[in-house]
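Following the numbering used here, the numbering of the sequence shown begins with 13 at its first residue and continues without gaps. Backbone N, C-alpha and C define an ideal beta-carbon position, used for all residues, glycine too. Okay, structure first, notes after.
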Amino acid sequence: MAKQPQNLWEESPLYTSLKFAGTTESKDLTITPTNGILQVLKMEGGKILNGNNMEVYPNPYQDEVTITFKVEETTNATLSVYDVVGRKLVTILDTQIPDGVYKYTENLGQLEPGVYVVKLNVENGVTSFKKIVKQ
C-alpha cells in the first residue's frame with residue numbers, strides 16, 4: 013500500500029508499508045521492494061537506465077555523508093534527502109551540471125537518528141535512490 017498519493021510519485025521516493033521478497037520486471041521498468049522502500053527503475057530495451065552509479069558513504073553515518081555519482085551528458089540534476097514518509101528535508105543540488113563524476117560531502121548531523129533516502133534525479137528521467145541510516 014503506497015503511503016504517497018500517486019500525483020506525488022514524481023516528486024518523492026515511493027514507499028510501502030508492506031514487506032515483499034523478489035522483483036517484478038517488465039520491458040519498461042523494474043520494481044524492487046526492499047526493507048519497506050519501493051525502488052522503481054526506468055528501463056529501455058531491457059536495460060536499466062541508471063548510468064549515474066550513485067554511492068553514499070559512510071552508511072550508517074553520524075554527521076557527514078559523501079555522495080558520488082556520474083552523469084553521461086549535461087543535465088539538470090536534483091540531489092535531495094527525504095524522510096521515510098517522503099518529505100524533502102535537504103536539497104544538496106538543484107542546477108544544470110555538465111557530464112562528469114561528482115562528489116558532494118554534506119553535513120546531515122542536524123537530522124534525528126533514523127532512516128532517510130537520498131534521491132538523485134536527472135533530466136533524462138533516471139532517478140537513483142539510496143537508503144541511509146543516521147546513528
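| field | Residues bridged to T139 (per DSSP) | value | DSSP, once it has assigned bridges, lists N133 as partnering T139.
| message | For T139, count the other beta carbons within 10 Å of its own beta carbon; 16 or more makes it buried, fewer makes it exposed. Which is it? | response | Residue burial is scored here from C-beta neighbours: T139 has at least 16 other C-beta atoms within 10 angstroms and is therefore classed as buried.
| query | To which residues of the same chain is T80 closer than 6 Å at the C-beta, ignoring the five residues directly before and after it? | reply | If you ignore the 5 residues before and after T80, its C-beta comes within less than 6 Å of the C-beta of E67, K115, all in its own chain and listed in chain order.
| query | Comparing alpha-carbon positions, which option in N71, N65, D75, P110 lies nearest A89? | reply | Nearest C-alpha to A89: P110.
| Of all the options Q74, D95, E135, which has the alpha carbon lying nearest to the alpha carbon of E85? | The residue with the shortest Cα to Cα distance from E85 is E135.
| message | At the level of alpha carbons, what is the spacing between P25 and D75? | response | No answer about P25 holds up, because its pLDDT of 44 lies below 50 and its placement is not dependable.
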